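Counting with UniProt numbering, you get residues 1 to 664 for the letters of the sequence shown. By construction, the Cβ of each residue, glycine as well, lies at the ideal position given by its N, Cα and C atoms. Since this is a predicted model, take the numbers as computed values, not measurements. First up is the structure itself, then whatever we jot down about it.
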Amino acid sequence: MFEPVIPYLLLLVFALGLAGAVRRVLLWRQGQPSPVSFWQGLAAMPRRYLVDLHHVVARDKYMSNTHVATGGGFVLALVLVVLVHGFGLKTAWLTWPLLAASLLMMTGAIFVWLRRRKPAAELPNSRLSRGPWQRLPKSLMAFSVGFFLATLPATGILPEGFGSGLLALLLLAACIWGLGEMVFGMTWGGPMKHAFAGALHLAFHRRPARFGGGRDTGLKALDLNADKLGVEKVTDFKWNQLLSFDACVQCGRCESKCPAFAAGQPLNPKKLIQDMVISMAAQEEVIYHGSAHPGQESAARTGCPDKPIVESMLDSQTLWSCTTCRACVEECPMMIEHVDAVVDMRRYLTMERGDTPGKGQEVLENLIATDNPGGLSPASRSHWAADLSIPLLKQTRETDILFWVGDGAFDMRNQRTLRALVKLLKAANVNFAFLGDEELDSGDLARRLGDEATFQRLAKANIRTLGKYQFNRIVTADPHALQCLGTEYAELGGDYRVVHHTELLAELHQQGLLQFTANGNARMTYHDPCYLGRYNGVYDAPRYLIDQLGYERTEMERSGFRSRCCGGGGGAPITDIPGERRIADMRMDDARAVNAELMAVACPQCTQMLEGVVEPRPEVKEIAELLLEALIVPGSKQTVPQQIVQQKVPQAVQQQPKEEAAHV
């Protein structure tokens, strides 16, 4: 038998694995400094792996069970192999558990093989990377079978010294193969690389607040005094971002949920992360064996850590295709932050090179000149409310609720939503006021387009304005403003309690301050805005309100945290990267698939994008408008008359042309 060889084999493999680990760490350390809590992170890693990560993995029951069998079986088996065959501790307390762990791993290997044996064209396996990944089930089997058979004599099932000659050589080969893939390959770049990098990624995650049920979705502020703004080369990323890229398991779950990829735009989030890995390790693109960025299937590029990413590995249109919807981030079992990487690279293109496609540059210039993306006169921001008698905060100085209007104030369609919300708040006798012309753009669009300087200027100006007044909460009908004010201003000194209008209206209804009739008779579905749901976790309040109106509510296949983006986020409508389909059309197809007659929305961007879909289609209505139609007037059982609901916006609301802004 080959038993005497195993300790030396283990020693050799672990020595080579350690050398590979050092080499891998040096690759990550090419990145920029990023402070982490070293020992605290290592201590938190087991829970993050066993609980937080598996909460995501468990969404796919097949892979969850498979991963428990293969991953759990391997870790236990490897520890026992070292004790039994490395140190010669052949007690029944160790040998029998080693057999059990090997069998568990063997079972997992079979399921991995079953998942990967289908042709690449068959769903859902088409999103799985092939190439070296196809040998993984064989390697798992070699390790588990090799050490299972090698352990049988130690349990007494087979006599000591059983097997010789060819059988011993075959078993030795299986053990070498298994150890080589599972230990040596883990640090030198094989399919198991994700296990080593992934464990450390969980320990030193750039967003530790995501663990333990937390939420951390705000973009990181950029030091505007830095020598370089944004990410030009892969080494401009933080070192733990490079570590996170290396943790990618190439499962393609991000790819399957990306709206841009589905629309045929040149973005595949899985390929994007692998582009970063290839650049970091100075490899050839041919080593990647998954789906390409749509339209770039024949690309064959070479990565280099010292060359600009866009010139060496990426087409700039790949970055501008992203809607920043975070569907990829929400779906990733390794909790990689794709959107952070995209925006970091956009920052360089926008602020260092002035390379913003479509109408992006014009919009950014408008924001600089007039503090709104349309280039309209700032004085016209409150014209939509000319007849509503809303108190101005600069007059009252304090209020319970500060109503943040957002850039819907300049859009006649979304002015209807704002007017409906004002009437609902008045009906509930809410003490509220708004900033009027003192309110500036929240900066969301500038930040997503990569213009961090304009974002920070707008944010700091708004923070100064808000600091002059007293209020308890901010309410807004714009989830993008909700994200900026409630999450991203905090890093710049603005810490506010911000709620979406659906949350406040649900609260008012529960307190009995608003009552609605339940006469809705249409089949309705609700579209979850990305910046309301995935960014801020607001899923229940809009549904609660809809359910008070009597409609037959049905959920689209992709709803909740898996909602399909409308295509309106991240500046996508402005950069306008061509694809095979429009994302909004695909979302409306989701509504048609459940025979919806009415689609409820809770975001001005979603309203605009979905109403832009060619009819016939379900009618699109904002939740505040639906509630106003069903509002029971205090002291009576009558709803608000339809002529009031449909009242036209005053003429004073008409937008002023961009040229007038220069005279303000």
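Query - Continuous beta strand (DSSP E) stretch holding Leu402: start and end - result: 398-404
**Report entry** Integer-rounded CB distance, given that Lys257 should sit under 8 Å from Glu331
**Finding:** 5 Å
Query raised in the report: Going straight from the alpha carbon of Leu425 to that of Ile577, what length do you get?
Result: 40 Å
Requested in this report: Quick one: grab the DSSP three-state call for Trp391.
Outcome: Rather than Trp, the amino acid found at residue 391 in this sequence is Pro. Three-state DSSP puts Pro391 in coil, outside helix and strand.
Query - Range covered by the alpha helix (DSSP H) that runs through Ile623 - result: 623-630
**Report entry** Inter-residue Cα distance where the pair is Ala379 and Asp437
**Finding:** 6 Å
Query raised in the report: In terms of residue numbering, what span does the alpha helix (DSSP H) encompassing Val538 cover?
Result: Taken as a continuous stretch (DSSP letters only), Val538 belongs to no alpha helix (DSSP H), as it is neither H nor E.
Query raised in the report: Skipping 5 residues on each side, what residues in its chain have a beta carbon closer than 6 Å to that of Ile6?
Result: His85
Query raised in the report: Nearest to residue 697 by CA position, among Ile574, Cys565, Thr502, Ala593, is which residue?
Result: Nothing about residue 697 can be reported from this structure: the residues present for the chain run from 1 to 664 only.
Query raised in the report: Quick one, which of Arg59, Leu628, Glu398, Arg253 has its alpha-carbon nearest Leu549's?
Result: Measuring C-alpha to C-alpha distances from Leu549 to each of Arg59, Leu628, Glu398, Arg253 identifies Leu628 as the nearest.
Requested in this report: Note down the Cα distance separating His383 from Ser389, rounded to an integer number of angstroms.
Outcome: 11 Å
Query - Buried/exposed call for Gly17, threshold 16 Cβ in 10 Å - result: buried
Query raised in the report: What is the residue span of the beta strand (DSSP E) that His500 lies within?
Result: 498-500
**Report entry** Other residues of its chain near Gln643: CB distance less than 6 Å, five sequence neighbours each side excluded
**Finding:** Low per-residue confidence applies at Gln643: pLDDT is 42, beneath 50, and the placement is therefore not dependable, though the value from the model is reported in the following sentence. Same-chain partners within the cutoff: there are none.
**Report entry** Three-state secondary structure (DSSP) of Glu365
**Finding:** helix
Requested in this report: Within its chain, find whatever has a CB closer than 6 Å to the CB of Arg587; leave out the 5 residues flanking it on each side and keep chain order.
Outcome: Arg564, Cys566
Requested in this report: Locate the beta strand (DSSP E) running through Gln470, then write down its first and last residues.
Outcome: 470-476
Query - Contained alpha helix (DSSP H) runs [length at least 4] in the stretch 140-222, N- to C-terminal order - result: 166-179, 185-188, 193-203
Query raised in the report: For Leu421, which residues from the same chain have a beta carbon less than 7 Å from its beta carbon, with the 5 sequence-adjacent residues on both sides left out?
Result: Ala477, His501, Ala624
Query raised in the report: Taking one C-beta from the stretch 12-32 and one from the stretch 181-194 each time, how about it: are there three or more such pairs within less than 8 Å?
Result: yes
Report task. Report the residue ranges of all beta strand (DSSP E) runs contained in full by the stretch 70-105; include only those spanning at least 3 residues, in chain order. Result -> none
Query raised in the report: Is the distance from the Cβ of Cys304 to the Cβ of Ser312 below 9 Å?
Result: yes
Query raised in the report: Is the CB-CB distance between Met524 and Leu610 below 9 Å?
Result: Note that the C-beta distance between Met524 and Leu610 is not below 9 Å.
Query - Phe432 versus Ile401: straight-line alpha-carbon distance, rounded - result: 4 Å
Query raised in the report: Below 8 Å, can you find three or more Cβ-Cβ pairs linking the stretch 142-154 to the stretch 77-91?
Result: yes
Query - Outcome for Tyr348 when other beta-carbon atoms lying within 10 angstroms are tallied against a minimum of 16 - result: buried
**Report entry** Segment limits, beta strand (DSSP E) that includes Tyr526
**Finding:** 523-526
**Report entry** Short Cβ contact (9 Å threshold) for Lys228 with Glu398
**Finding:** Between Lys228 and Glu398, the C-beta spacing is not below 9 Å.
**Report entry** Cβ shell of Pro650 (< 6 Å), same chain only, five flanking positions each side left out
**Finding:** Confidence at Pro650 is low in this model, with a pLDDT of 39, below 50, so the placement of that residue is unreliable and no value is reported for it.
Query raised in the report: So, are the CB atoms of Leu314 and Ala428 less than 9 Å apart?
Result: no
Query raised in the report: For Thr396, which option in Leu435, Ile287, Asn366, Gly408 has the closest C-alpha, if you only look at C-alpha atoms?
Result: Of Leu435, Ile287, Asn366, Gly408, the residue nearest in Cα terms is Leu435.
Report task. May I ask you to list the residues that DSSP assigns as paired with Lys238? Result -> DSSP, once it has assigned bridges, lists Gln32 as partnering Lys238.
Query raised in the report: If you count every other CB in all the chains shown that lies within 10 Å of the CB of Trp320, and 16 or more means buried, which is it?
Result: buried
Query - Cβ-based burial, Ile273 [other Cβ within 10 Å; buried from 16] - result: buried
Requested in this report: Would you kindly work out how many angstroms separate the C-alpha atoms of Phe455 and Arg215, rounded to a whole number?
Outcome: 22 Å
Query raised in the report: Quick one: what's Ala433 bridged to in DSSP?
Result: Answer by DSSP bridge pairing, in chain order: Leu402.
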